[in-house]
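In the working numbering, the protein residues as written are 283 to 381. Structure first, commentary second.
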């Protein structure tokens with residue numbers, strides 16, 4: 283069983299990580315040409331039966347509750363970090379670990 287899930291939050295929508303079945307491990311911010319585009323959150327999965335809520339931020343849409351099974355899952359934090367840091371490939375893009 284995969285133990286970690288990757289969540290994203292942008293200017294348009296927010297993925298709610300405050301969930302009793304998840305434990306947030308770390309946040310990473312992605313900057314492109316100096317502007318923050320995305321926040322990636324790595325969460326430890328406590329229960330596979332949870333649903334993830336996505337809320338509109340700059341767009342108005344009803345909260346969307348999605349089963350955890352549709353989100354990308356990983357066996358380790360290092361596997362997720364490898365994926366995240368692939369975006370940090372030149373001077374215009376940058377990944378910053380928040381916690």
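Here a beta-carbon is modelled for each residue, glycine too, at the ideal position from N, C-alpha and C.
Extent of the continuous alpha helix (DSSP H) to which residue i belongs
i, result
"residue 361", "359 to 367"
The beta strand (DSSP E) enclosing residue i, as first and last residue numbers
i, result
"residue 332", "Counting along the chain, residue 332 falls outside any beta strand (DSSP E), and DSSP gives it neither H nor E."
"residue 378", "375 to 379"
"residue 288", "286 to 292"
"residue 349", "346 to 349"
DSSP beta-bridge partners of residue i
i, result
"residue 303", "Answer by DSSP bridge pairing: none, since residue 303 is not bridged."
"residue 355", "287"
"residue 317", "314"
"residue 323", "289 and 309"
Contact under 8 Å by Cβ, residue i with residue j
i, j, result
"residue 362", "residue 334", "no"
The segment 284 to 296 touching the segment 350 to 366, judged by at least three CB pairs closer than 8 Å = Short answer: they touch.
query = Can you find at least 3 beta carbon pairs, one from the segment 359 to 376 and one from the segment 314 to 324, that sit closer than 8 Å?
reply = The segment 359 to 376 vs the segment 314 to 324: in contact.
key: the segment 337 to 344 touching the segment 307 to 319, judged by at least three CB pairs closer than 8 Å   = Short answer: they don't touch.
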